[in-house]
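Here the structure comes first, spelled out in structure tokens, and everything after it is commentary.
Numbering (our numbering), first residue to last: 7 to 175.
So, in structure tokens, the structure goes:
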């Protein structure tokens, strides 16, 4: 037996109204009650020294997730990568930026040929020709699309997630 759209929408409206009532009720729970609710929703013990306001926020998140849906596995993986970068570098840039100063030379060997690029104020010089981007130079050298900074060793290739990290996502 399939449900019609009206039935689905009615159930959704009830779920949203019930959610609103639960969110309001969180303010009236004491810390012990919040910890019990955490255990019920997360099926684990809350952190020992978590502040009350963070308990409320985490429980509210979980309640909303159940009504509206949660993050996809890909979104969880992306957030884990952002958190890792933030922990490693203290910002979200992904890796420490290498600043290129005019006059700096970038040297790359590709298929037995050495390529020398001079950094200019407004671009780059390679083989006596000016280019606006390293990616354009890398494309001309290799014949394929490349990230110029990565090709010239200014950026590390992002490491793929391990199987263990994917299982935890």
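Beta carbons: idealized from backbone N, C-alpha and C, even for Gly.
Return yes when the Cβ of residue j is within less than 8 Å of the Cβ of residue i, no when it is not.
| i | j | result |
| --- | --- | --- |
| residue 73 | residue 22 | yes |
| residue 127 | residue 108 | yes |
| residue 25 | residue 70 | yes |
| residue 137 | residue 149 | no |
| residue 58 | residue 47 | no |
| residue 152 | residue 139 | no |
For residue i and residue j, which I take to be in contact (beta-carbon distance under 8 Å), what is that distance rounded to the nearest angstrom?
| i | j | result |
| --- | --- | --- |
| residue 154 | residue 144 | 5 Å |
| residue 66 | residue 32 | 6 Å |
| residue 105 | residue 157 | 18 Å between Cβ atoms; not a contact. |
| residue 64 | residue 44 | 7 Å |
Secondary structure at residue i, three-state DSSP: helix, strand or coil?
| i | result |
| --- | --- |
| residue 70 | helix |
| residue 59 | helix |
| residue 47 | helix |
| residue 149 | coil |
| residue 122 | strand |
| residue 154 | helix |
| residue 7 | Unreliable positioning characterises residue 7 in this predicted model, as indicated by a pLDDT of 49, which lies under 50. A coordinate reading is not provided. |
| residue 39 | helix |
| residue 127 | coil |
| residue 161 | coil |
| residue 32 | helix |
| residue 136 | strand |
| residue 85 | helix |
| residue 111 | strand |
Please classify residue i as buried or exposed, where buried requires at least 16 other C-beta atoms within 10 Å of its C-beta.
| i | result |
| --- | --- |
| residue 88 | exposed |
| residue 20 | exposed |
| residue 116 | exposed |
| residue 53 | exposed |
| residue 123 | buried |
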